[in-house]
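One structure is given here, and the rest of the page talks about it.
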Amino acid sequence: ACTQAPYMDRDDTAKVLGLPVDKVRIVPTATGGGFGSKLDVSLQPLIGLVAMKTGRPAALAYTRNESMMSTTKRHPAEMKATIGADAEGRITGMVFEGDFNTGAYASWGPTVANRVPVHASGPYLTPNYRATGYAIHTNGPIAGAFRGFGVPQAT
Numbered sequence: 805a806c807t808q809a810p811y812m813d814r815d816d817t818a819k820v821l822g823l824p825v826d827k828v829r830i831v832p833t834a835t836g837g838g839f840g841s842k843l844d845v846s847l848q849p850l851i852g853l854v855a856m857k858t859g860r861p862a863a864l865a866y867t868r869n870e871s872m873m874s875t876t877k878r879h880p881a882e883m884k885a886t887i888g889a890d891a892e893g894r895i896t897g898m899v900f901e902g903d904f905n906t907g908a909y910a911s912w913g914p915t916v917a918n919r920v921p922v923h924a925s926g927p928y929l930t931p932n933y934r935a936t937g938y939a940i941h942t943n944g945p946i947a948g949a950f951r952g953f954g955v956p957q958a959t
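Numbering-wise (the numbering used here), the sequence shown opens with residue 805 and increments by one.
Below is the structure:
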């Protein structure tokens, strides 16, 4: 399986299948461009189950359409910022709030929501700064790590 985190996938797959980690071996294919979207465990437990049932090594690959339907995407977000400046135009403060729709399942949503406030003021010195970000579970598609860990939403 294509993955950015083979050891994390090994641990998760072992847990799902009820095996000790030393009995699970993940052999990743070439990752190509991952950009975070290949951090979540996806097919690995299914591949492991096939290997257990057949007693043979197993592999599985998504088609492009299956990959687009089944892997995480960028978080839809609602954000609000209030910025204050002095008479010379220097930023004096900022208040930032962000809600990130992380979908129906656990992924990297809380990490993304924690990263956005760090980057919300961009490269500007902001002496007074308050920021909050929330990963909100909904019945929508799963969202996770994807190209920049929340930075694109913040900027």
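Note that beta-carbon positions come from the ideal geometry of N, C-alpha and C, so glycine has one too.
Note that the structure is predicted; figures quoted are calculated from it, not measured.
In the DSSP assignment, T817 falls within the alpha helix (DSSP H) that extends over P810 to L821. Segment contact: the region 840-847 against the region 866-876, three or more CB-CB distances shorter than 8 Å; contact assigned. When the alpha-carbon of T942 is set against those of P880, R894 and V831, the nearest one is in P880. Where E892 is concerned, there is no enclosing beta strand (DSSP E), because DSSP gives it neither an H nor an E. Pairwise C-beta distances place the region 906-921 in contact with the region 936-954, as three or more of them are shorter than 8 Å.
Residue state for A949 is assigned as coil, using DSSP reduced to three classes.
The region 925-937 and the region 858-867 do not touch, with fewer than 3 CB-CB distances between them shorter than 8 Å. Cβ-Cβ distances below 7 Å link N918 to G937 in the same chain, with the five nearest sequence neighbours on each side left out; the list follows chain order. Taking 8 Å as the cut-off, the beta carbon of H923 is found closer than this to the beta carbon of T959. Note that the C-beta distance between V920 and G954 is below 8 Å.
Secondary structure note for R919: its alpha helix (DSSP H) is the uninterrupted segment G913 to H923. Assignment of G944 by DSSP, reduced to helix, strand and coil, places it in the coil class.
For the pair I830 and Q808, the CB atoms are not nearer than the 8 Å cut-off. With 16 or more other CB atoms across the displayed protein chains lying within 10 angstroms of its CB, R814 is buried.
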